[in-house]
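See structure below.
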Amino acid sequence: MPVALVTGARRGIGRGVALRLARSGFDVAVNDVEADADGEAVVAEIRAIGRRALLVPLDIARIDGHDALLDLVEAELGPLDCLVNNAGVSVLVRGDLLEVGEASFDRCLDINLKGTFFLTQAAARHMVRQPAEGHRSIVTISSISAEVVSTSRGEYCI
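Sequential numbering of the sequence shown, starting at 443, is according to this note's numbering.
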């Protein structure tokens, strides 16, 4: 069975993507920054569909944890066929571009850009090491703010 890893999957769009993948025949690793009741509920819903599921908490900004995360998914569910980069954060405090602080800027870029990029790299490395029985996919979900001005969130929209 194909295996997918969905980041930011305990709520919202990520939850919906994880459930849709399960309904489409994927076993799903549910990733989010923490293991909580929301994440456990998504895992239970996937299992109720008849697919295998695993909750794999990790802040994707922690690049040093990416390989261990992927190794765990592979050990528990099998080789990765699909990565959905959905995890993302907004600004710490909305405000004028002239007032943006370094902490808010770093947080946005560490998760939304750096963490996503390096998880994609690590997943691609894992994928090319495994024999493929079909195509593999890496999908990155972005924001409408890539197309439309979003005021008071300069560090998010950069």
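Glycine is no exception: its CB is placed at the ideal position from the N, C-alpha and C atoms.
Around the beta-carbon of T558, 16 or more other beta-carbon atoms lie within 10 Å, marking it buried. Distance from the CA atom of T593 to the CA atom of F547, rounded to whole angstroms, is 15 Å. The Cβ atoms of P521 and V445 sit closer than 8 Å to each other.
Each residue's CA atom was taken as its position, placing I455 and N473 some 13 Å apart. By the criterion of a C-beta distance shorter than 7 Å, L534 is surrounded in its chain by A545, S546, R549, once the five residues flanking it on both sides are discounted. L447 has A471, L525 as its beta-bridge partners, per DSSP. For P499, same chain residues with a beta-carbon under 8 Å away, outside a window of 5 residues either side, are N473, D474, V475, E476, A477, G481 in chain order. V542 carries a coil assignment under DSSP once its states are collapsed to helix, strand and coil. Taken through DSSP and simplified to helix, strand or coil, V590 comes out as coil. When R457, V531, R465 are compared, the shortest CA-CA separation from L497 is found for R457. Beyond the five residues adjoining it in sequence on each side, N554 comes within less than 7 Å, by CB distance, of G530, V531 in the same chain, given in chain order. I580: member of the beta strand (DSSP E) spanning 579-582, first to last residue.
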